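From first to last, the protein sequence lines stand for chains A and B.
So the first sequence is numbered by the numbering used here: it starts at 1 and just counts up by one.
So the second sequence is numbered by the numbering used here: it starts at 150 and just counts up by one.
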Amino acid sequence: MTEVPHDVEMDELVREAHRDRLVDLMAFVQRACERAALDPDVAFDVRLAMEEVVTNVIEHGYAGDDPPGPIAVRFRREPRQVVVTVEDRARPFDPSTIPPTDPTTPLEARRIGGLGWHFVTRVMDEVRHEHRHPRGNRLTLVKRLPSSD
Amino acid sequence: MDIVVEQRAPTTVVRINGSVDGLTADTLMTTLQQQIDVGNTRLVADLSGVSYTSSAGLRALLATVKQARSAGGDFRLAGVLPPVRKVLEMSGFTSILKLYADVDLAVASYPA
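1) Between residue 177 of chain B and residue 65 of chain A, what straight-line distance do the alpha-carbon atoms span, to the nearest angstrom?
2) Are the stretch 179 to 188 of chain B and the stretch 211 to 229 of chain B touching, with three or more C-beta to C-beta distances below 8 Å?
3) In whole angstroms, what is the alpha-carbon distance linking residue 239 of chain B and residue 119 of chain A?
4) Which residues in the same chain have their Cβ closer than 6 Å to the Cβ of residue 47 of chain A, if we skip the five residues on either side of it in sequence?
5) Name the residues in the stretch 17 to 32 of chain A whose C-beta lies less than 8 Å from a C-beta of chain B; which are they?
6) Report all residues from its chain with a CB closer than 8 Å to the CB of residue 258 of chain B; omit the five preceding and five following residues, and keep chain order.
7) Pull out every residue of the stretch 152 to 177 of chain B whose Cβ sits closer than 8 Å to any Cβ of chain A, in chain order.
8) Would you identify the three-state DSSP class for residue 225 of chain B, choosing helix, strand or coil?
9) Check distances from the C-beta atoms of the stretch 206 to 230 of chain B to those of chain A and list, in chain order, the residues that come in under 8 Å.
10) Is any beta-carbon of chain B found at less than 8 Å from that of residue 121 of chain A?
11) Locate the beta strand (DSSP E) running through residue 130 of chain A, then write down its first and last residues.
12) Counting along the chain, where does the beta strand (DSSP E) carrying residue 166 of chain B start and finish?
13) So with CB distances below 8 Å, who are the chain A contacts of residue 245 of chain B?
14) Counting only C-beta atoms, is residue 239 of chain B closer than 8 Å to chain A at any point?
15) Since residue 198 of chain B is in the beta strand (DSSP E), which residue starts that stretch and which ends it?
16) Among A:89, A:43 and A:104, which one has its Cα closest to the Cα of residue 81 of chain A?
17) With respect to the alpha helix (DSSP H) encompassing residue 220 of chain B, which residues constitute its N-terminal and C-terminal limits?
18) Can you check DSSP and say which residues form a bridge with residue 137 of chain A?
19) Taking the C-alpha atoms as reference points, what is the distance between residue 88 of chain A and residue 137 of chain A?
20) Check for me: the alpha helix (DSSP H) holding residue 172 of chain B runs from which residue to which?
21) Which residues bound the alpha helix (DSSP H) around residue 152 of chain A?
22) For a cutoff of 8 Å on Cβ pairs, would you count residue 103 of chain A as touching chain B?
23) Could you check what DSSP says for residue 153 of chain B in three-state terms: helix, strand or coil?
24) Quick check on residue 203 of chain B - is its C-beta less than 8 Å from some C-beta in chain A?
25) Which same chain residues, not among the five before or five after residue 261 of chain B, have their C-beta less than 7 Å away from its C-beta?
26) Considering only DSSP beta bridges, list what residue 11 of chain A is partnered with.
27) Just confirm the distance between the C-beta atoms of residue 196 of chain B and residue 229 of chain B, as a whole number of angstroms; I'd bet it's less than 8 Å.
28) Spell out the partners DSSP gives residue 81 of chain A in its beta bridges.
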């Protein structure tokens, strides 16, 4: 097991990736942000990115799988950053296939949806994706904390 | 999330309190659609009690503004707080939806 340094707090939640579990997953993130005493702006960004990623896994990652597989969310507060990981055993996700969002698209041409990933990459400082073997994905999201100096 | 619907001629004001996210967006969208369905197409959303939204929330807003405009009305936002404004700006929705500082200004923006 990896030893967790004393100035790092870590929380984890594993749930079936079902829409009914979104309420638990969202509450987990909110509680973790509160426990970590994050600045409200940072907490907002982490919560937004997490909701978008978790929703993607539920709605697209496991689309058509009955029952869906697990989703594991880890929240790690380090001295200078927050690191959140989301793991699943769903079909491979390839962020490079997501079309970029053009915020200047007029109303008539707007699709309902497609914005979630755009928000994730805008509000987080680092977004890393890895394929897991034999199946699944791991997304690592990093948010740097404002300097207290 | 709580929603209170109020008729303020010539508009319908929908006051929302709480988060507009993946858990609540469907309820909001249904409430707004019901208003359009009965002919209340000049809508104002009071968002001064909303401090969080996500793409799910924006989907509800986008669907509503499209329906309201195609029915001859509009859907205007009042009292948007900074975090929600940030999400609206990131998505470019600030150029689609009309935003007002408060409900009175949003109501007054519709012709009587």
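Don't be surprised by glycine CBs; every beta carbon is placed ideally from N, CA and C.
All of these numbers come straight from a predicted model, not from anything done at the bench.
Based on what the coordinates show:
1) 28 Å
2) yes
3) 7 Å
4) 29
5) 22, 23 and 26
6) 225, 247 and 249
7) 170, 171 and 172
8) strand
9) 207, 208, 211, 212, 214, 215 and 218
10) no
11) 126 to 131
12) 160 to 169
13) 106, 107 and 110
14) yes
15) 191 to 202
16) A:43
17) Taken as a continuous stretch (DSSP letters only), residue 220 of chain B belongs to no alpha helix (DSSP H), as it is neither H nor E.
18) A:88 and A:131
19) 5 Å
20) Where residue 172 of chain B is concerned, there is no enclosing alpha helix (DSSP H), given that its DSSP letter is neither H nor E.
21) Limits of chain A in this structure are 1 at one end and 149 at the other, which puts residue 152 of chain A out of reach.
22) yes
23) strand
24) yes
25) 159
26) A:75
27) 5 Å
28) A:144
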